[in-house]
């Protein structure tokens, strides 16, 4: 089992805090947005006497309400097409375990959400990466690159749309390309749509919008990011493929039921005012515009403008982003402050890729983002491992 | 993935309810005991604004309090020896995945909790049953039976103590036998102690009480039954084996965190009055004494007195308990009432075993248990598949 690459810097962050250094956490996707009061109140005002198991597929009342939510985003499903999971994490695990046998392969465009590796190990399946590049803003790699990877063992393609870690929003055309590949090679299309509501450039095209691939598409969803309710541990596996639902339900029955309190919060979310997302989206968009502008203003930094989610990937003028991120915590501060970033190497499956890239989660308010960017700017100015040209490093004369 | 054997009767139960028949559910381990108000109130009075991820191993404050709870049952651990899991289910899954490779074997005395099969499939490990018998009240099988099963692939023995489905409470001597086996053959001892607080004949001997096997013992725990809080989905994996904790933590990190609300409820449970369990235990014991007496009073029925948990196994004078349980729902009622039982065949891994046995969960009050036993008595009197002597069936002249 691989360790989470984002977690390995934690001891350095803890040591920095002990030295009295304030850290701007741009390294994790824990939003600072308040969870809607209506959701928390629903839990707080609950009045049952026994905290019972729910249905293994989740409360029917919740699944029926989710049908309405999905209708609002033009996804038309029956409540029996939905299994409520313990976070989006479990939806991904159930998808792997229900659709792939041990030793089977799933193709994932890299960079990708690092925990997919963990679920692949748990399900004993192999990840085959198809590389996307920062130079195209992490657009879908060409269809030939996918087809080169397809073997007899290939059973699925997994995308995250909009993407974590790149923020890239797949276009309708790209989704049609994926549709063609999965139909031609008879593969599953796993679509992690955790960030569906946060699209800033154009409409979200769900895998569930694709026609005539009902048996291929398995959508993984979660309320964690949508409503800033990560601790609820409520997600969903959604598919019209009856055999997949039937198999996933057996995994769901083995673990008995998803969390009851979280389901109450999730059900209350469906009744939020229709303009709820508009406000959150506006806030994230403001932050995105700020962080992308600040990043591209730093000499040697390049950050393509992401179309969705709340992540941006940037290339930095450093020889090794892992070292740089550790140095930021261990040896740097500006006015007793520093930043924590996620080195991109952990999001690539192919060794050596992304070595000068980092992921930034814009989950802090604009004031904090500005201060964090001040830190980054100063840090890059003095960093001993700085590169003035690709491939060349400044001599490490500076020691903090 | 195998279907849960307990769930397959559900459609018959639903049909019976639609016909207006009341069903006494002795088939599942969902207690009717109220969840302590203090636990629910802790959740209802919580006042945070963001429902955040917790630490992947669970909130430190909760783990520190759990250390105190474990001290009260003579189990001495550090909070870093504990990973909070999403129900006991996840603790079992993490145990399998952290300690066994694909294709490895785990020995489990049968009959056993049917969902172990599901977790074994999920972790790609093989279950090797060692048969225990109703004639000895499901005592631990002789050590020779275990040793016969041990191969190069064997990595662990899993017990549930007190046992689900048999209610059997392993004695100190039996635990010492297990200690000797795991030491001799260098195996893990997985100990599912979900029902620890419900022991009616003697003291509970935890696997964590065994000396000099710290690296072998992995305890799986849950608050589901202890506090009648099944819907919280809060359990724990506990071990002093640092490598196992380190690996299990990686699986925990991949799925991010256990449910936040459930952890609040779990933490509040530690502050319950010290006599909390005494009352619940007294209630369960009263039910156990009643159900065992009523069962043994029915001609042809045998039910050994279980020492713990809230389950009893009984052999019935029928040719096929699966058919009988279905018939109870489909074709029988007494005063518009019937009972739902769990056929034991689903708890045995060896085919054909337990064909005339059922599991009864005494999770209903004594009045309901009496009425349920009235139903069973009447049903067995008229059941067409009744056996008067072992191996002989009454002619099926009666048709309801």
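Chains as they are written, first to last, in our numbering: chain A, 1 to 400; chain B, 1 to 400.
Note that CB positions come from ideal geometry on N, CA and C, so glycine has one too.
CB-CB under 7 Å to residue i, same chain, minus the five flanking residues each way: which ones, in chain order?
i                      : result
residue 230 of chain A : 30, 224
residue 51 of chain B  : 260
residue 35 of chain A  : 227, 228, 229
residue 114 of chain A : 4, 5, 6, 346, 347
Under a Cβ-count criterion, where at least 16 other Cβ atoms within 10 Å of its own Cβ denotes burial, should residue i be classed as buried or exposed?
i                      : result
residue 27 of chain A  : buried
residue 400 of chain B : Residue placement at residue 400 of chain B is poorly supported in this model, since its pLDDT is 37, which falls under 50; the coordinates still yield a value, given next. That one is exposed.
residue 462 of chain B : Here chain B has residues from 1 to 400 only, and residue 462 of chain B is not among them.
residue 19 of chain B  : exposed
residue 81 of chain A  : buried
residue 103 of chain A : exposed
residue 68 of chain A  : exposed
residue 108 of chain B : buried
residue 446 of chain A : As shown, chain A starts at 1 and ends at 400. That puts residue 446 of chain A outside it, with no answer to give.
residue 250 of chain B : buried
residue 239 of chain A : buried
residue 398 of chain A : Reliability of the predicted coordinates at residue 398 of chain A is poor, the pLDDT of 38 falling under 50, and the value obtained from them is presented with this limitation in mind. Residue 398 of chain A comes out exposed.
residue 396 of chain A : Caution applies to residue 396 of chain A, whose pLDDT of 43 falls short of 50 and renders its modelled position unreliable; the value that the coordinates give is listed next. Answer is exposed; the Cβ neighbour count stays below 16.
residue 11 of chain B  : exposed
residue 402 of chain B : Outside the displayed range of chain B (1 to 400) lies residue 402 of chain B, so it cannot be described from this structure.
residue 14 of chain B  : exposed
residue 204 of chain A : buried
residue 216 of chain A : buried
residue 74 of chain B  : exposed
residue 124 of chain B : buried
residue 312 of chain B : buried
residue 253 of chain B : buried
residue 354 of chain B : buried
Give me whichever residues DSSP pairs with residue i in a beta bridge.
i                      : result
residue 308 of chain B : B:199
residue 235 of chain B : B:85, B:222
residue 359 of chain B : B:313, B:342
residue 105 of chain A : A:126, A:154
residue 302 of chain A : A:315
residue 48 of chain B  : None; residue 48 of chain B has no bridge partner.
residue 24 of chain B  : B:339
residue 53 of chain A  : Answer by DSSP bridge pairing: none, since residue 53 of chain A is not bridged.
Looking at C-alpha atoms only, which residue of the options is the closest neighbour of residue i?
i                      : options                    : result
residue 194 of chain A : A:87, A:273, A:138         : A:87
residue 385 of chain A : A:351, A:316, A:342, A:347 : A:316
residue 220 of chain A : A:93, A:129, A:177         : A:93
residue 318 of chain A : A:344, A:222, A:348        : A:344
residue 368 of chain B : B:338, B:349, B:355        : B:338
residue 21 of chain A  : A:136, A:182, A:110, A:328 : A:328
residue 40 of chain B  : B:354, B:209, B:272        : B:272
residue 119 of chain B : B:91, B:137, B:110         : B:91
residue 283 of chain B : B:356, B:16, B:33          : B:33
residue 201 of chain B : B:2, B:279, B:167, B:376   : B:167
residue 351 of chain A : A:130, A:207, A:38         : A:130
residue 139 of chain B : B:111, B:148, B:122        : B:111
residue 234 of chain B : B:16, B:66, B:44           : B:66
residue 325 of chain A : A:362, A:169, A:340        : A:340
Enumerate in chain order the residues of its own chain whose CB-to-CB distance from residue i is below 6 Å, with the five nearest sequence positions on each side excluded.
i                      : result
residue 46 of chain B  : 264
residue 150 of chain A : 185
residue 174 of chain A : 140
Within the same chain, show all residues whose beta-carbon is closer than 8 Å to that of residue i, passing over the 5 residues directly before and after it, in chain order.
i                      : result
residue 256 of chain A : 53, 56
residue 42 of chain B  : 264, 265, 267, 268
residue 64 of chain A  : 79
Quick check on residue i - is its C-beta less than 8 Å from some C-beta in chain D?
i                     : result
residue 53 of chain A : Considering every chain present, this structure includes no chain D. Its protein chains are A and B.
Worksheet item: For the stretch 101-115 of chain B, which residues have a beta carbon sitting closer than 7 Å to at least one beta carbon of chain A?
Response: 102, 115
Worksheet item: Which residues, taken in chain order from the stretch 287-312 of chain A, show a beta carbon closer than 8 Å to some beta carbon of chain B?
Response: Those residues of the stretch 287-312 of chain A that come within reach of chain B (Cβ to Cβ, closer than 8 Å) do not exist; the list is empty.
Fill in: Members of the stretch 130-155 of chain B near chain A, C-beta cut-off 8 Å
none
Worksheet entry | Chain-ordered residues of the stretch 69-103 of chain B with a beta carbon less than 8 Å from chain A | 86, 87, 89, 90, 93, 97, 98, 102
Practice prompt. Could you name the residues of the stretch 190-218 of chain A whose beta carbon sits closer than 9 Å to any beta carbon of chain B, in the order they occur along the chain?
Written response: none
Practice prompt. Select from the stretch 270-283 of chain B all residues with a C-beta closer than 8 Å to any C-beta belonging to chain A, and list them in chain order.
Written response: none
Item to complete: Check distances from the C-beta atoms of the stretch 220-253 of chain A to those of chain B and list, in chain order, the residues that come in under 7 Å.
Response: 228, 229, 230, 231, 232, 233, 247, 250, 251, 253
Worksheet entry | Members of the stretch 254-270 of chain A near chain B, C-beta cut-off 8 Å | 254, 255, 256, 257, 258, 259, 260, 261, 262, 265
Practice prompt. Give, in chain order, every residue of the stretch 331-346 of chain A whose Cβ lies closer than 7 Å to some Cβ of chain B.
Written response: none
Worksheet item: Between the stretch 7-30 of chain A and chain B, which residues of the former have CB atoms less than 7 Å from a CB of the latter, in chain order?
Response: Taking 7 Å as the Cβ-Cβ cut-off against chain B, the residues of the stretch 7-30 of chain A that qualify are 7, 30.
Fill in: Within 8 Å of chain A by C-beta, residues of the stretch 161-177 of chain B in sequence order
none
Worksheet item: Got a sec: which bits of the stretch 32-44 of chain A sit with their beta carbon under 9 Å from any beta carbon on chain B, in order along the chain?
Response: Residues of the stretch 32-44 of chain A with a C-beta less than 9 Å from any C-beta of chain B: 32, 33, 34, 35, 37, 39, 40, 43, 44, listed in chain order.
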